[in-house]
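**Q**
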Amino acid sequence: MTTLRAIHFPETTLSTQDVMGQLLLFDTISYITPTPTDEEVDPYCLPYDAAPLGDDAERFGQLLAELKGNEAAFYQGQMSKLALEYLETRHDDSVLDIIGSIHGQKKNDNDPGQDKEYEKLWKDRLLLKLAEIRSREEQEIHQSLQRIKDAQADLLGELKGEEEFQDLFHALANNLPNQTPVRVEALIKAWGHLFSEGEEHFSILHCFSPEAAEPYMEVSEALTGKRPVRLLRLPLPHCAACPEDFSRKKESWEQTNKPWLDELKTCLHHVVQNGLDTVTLATFSKLTGQWARQVDQADLWPEQVPTKECGPPALEIYLLGDGIGPLTTTLCNLRNKTEYRGDRHALLAVVSSRPNSCT
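Note that our numbering has the sequence shown beginning at 505, numbered continuously upward.
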């Protein structure tokens with residue numbers, strides 16, 4: 505069977521639990537790590553150290569430890585918010601002063617330009633790692649709030665009719681902590697800088713939201729004068745509802761649907777290399793219908809249930825106007841990088857809950 509592998513952006517952590525539905529199409533999804541990881545390797549979500557720290561790994565770890573060591577400031581959001589604001593808004597001198605004052609910077613008297621590049625990589629790596637830490641904190645807060653909400657519902661049931669208590673709980677429910685904002689554009693530029701340092705080849709980008717996908721959409725349109733073409737909109741079953749024995753279920757899905765899945769993957773390979781010269785949109789439409797029918801018939805996972813806010817999630821795949829390397833170089837303004845000229849095109853896979861419509 506033809507294989508498909510994607511690179512995820514801009515988040516720097518990923519697990520099978522996060523992308524089970526997408527793994528019905530992709531064989532693996534890699535993600536860039538800003539620091540070396542000792543975590544157990546996930547068979548489907550692979551860490552990619554695109555810009556290894558080498559001998560500086562310990563020094564970077566010490567910098568993070570010092571930031572996290574000030575519990576009162578860091579975890580109350582003051583230090584992390586300050587650092588993220590500096591990094592996000594590209595105040596290079598201020599950020600590099602923070603980094604340099606803690607552990608110093610490498611100096612290369614023979615090539616000051618290399619020093620500057622090294623410093624930018626540290627800055628971008630720090631932004632991604634801080635955003636990762638903040639995201640983990642917010643997830644923990646959300647889980648805690650959900651537990652409180654569940655306990656609140658039980659208590660309200662017991663105090664039904666006690667209006668003063670209901671008013672109190674209503675006030676608590678609406679007094680949620682503000683998240684530290686991290687603009688997705690800043691994260692993508694930091695991610696792109698690390699990605700451009702790597703030597704591994706990818707032709708498929710994967711992200712969780714249309715907001716993250718839009719910068720790549722825009723840079724593709726700017727280069728070609730045409731909006732990226734949507735090739736597929738694949739409904740995703742609710743795999744996370746029963747995550748047990750996922751490997752066996754994935755293998756069963758692939759074996760049962762091997763002929764047309766092979767055709768779908770082969771067609772995607774062709775358009776990456778040749779555009780729509782050899783594969784028509786009608787072919788992708790036929791394969792989309794085949795996917796939808798098999799997802800409905802598969803007795804492996806329950807159907808996704810739409811909510812009032814959004815429809816059932818689907819994986820949308822777009823054909824971009826150039827390869828990932830040139831698009832990233834342009835998007836991240838990496839003018840000093842040698843553009844990788846490999847595939848003529850890249851694919852962008854994005855999870856969307858928007859109503860199905862032509863794009």
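From the three backbone atoms N, C-alpha and C, an ideal C-beta is built for every residue, glycine too.
Less than 7 angstroms between C-beta atoms, sequence neighbours within five positions excluded: which residues of the same chain meet that for Y720?
**A** Same-chain partners within the cutoff: L709, L824, L831, L835 and L852.
**Q** Whose CA, out of L508, G525, W626 and E515, lies closest to the CA of G745?
**A** Note that residue 745 corresponds to Ala in the displayed sequence, not to Gly. Checked all of L508, G525, W626 and E515; the closest Cα to A745 is G525.
**Q** Tell me whether the beta-carbon of T516 lies closer than 8 angstroms to the beta-carbon of E704.
**A** No. Outside cutoff.
**Q** By the three-class DSSP mapping on this structure, what secondary structure does A510 have?
**A** Of the three classes helix, strand and coil, the one that applies to A510 here is strand, per DSSP.
**Q** Please classify A853: does DSSP put it in a helix, a strand, or coil?
**A** Here A853 sits in strand by DSSP.
**Q** Pair every Cβ in the stretch 721 to 741 with every Cβ in the stretch 535 to 543, then say whether three or more of these pairs are closer than 8 angstroms.
**A** The stretch 721 to 741 vs the stretch 535 to 543: no contact.
**Q** Give the secondary structure of H773 by DSSP, where H, G and I count as helix, E and B as strand, and everything else as coil.
**A** H773 falls in the helix class under three-state DSSP.
**Q** Buried or exposed: P747, going by 16 or more other Cβ atoms within 10 Å of its Cβ?
**A** The residue is exposed, with fewer than 16 neighbouring Cβ atoms inside 10 Å.
**Q** For C549, does the three-state DSSP call read helix, strand or coil?
**A** In the structure shown, C549 sits in a strand (DSSP, three-state: E or B).
**Q** The alpha helix (DSSP H) that contains R797, what's its start and end?
**A** That run of the alpha helix (DSSP H) goes L785 to Q801.
**Q** Which two residues bound the contiguous beta strand (DSSP E) that contains E725?
**A** Counting along the chain, E725 falls outside any beta strand (DSSP E), though it belongs to the alpha helix (DSSP H) covering P714 to T728.
**Q** Would you identify the three-state DSSP class for R734, choosing helix, strand or coil?
**A** In this structure, R734 counts as strand in the three-state DSSP scheme.
**Q** Quick one: give me the first and last residue of the alpha helix (DSSP H) that L528 is part of.
**A** Unbroken run through L528: none, as it is neither H nor E.
**Q** By Cβ distance, which residues of its chain are closer than 8 angstroms to C771, with the 5 residues on each side in sequence left out?
**A** Cβ within range, chain order: V783, T787, F788 and L791.
**Q** Nearest to L838 by alpha carbon, out of S713, R848, P551 and W695?
**A** When each option's Cα is compared against that of L838, the closest is W695.
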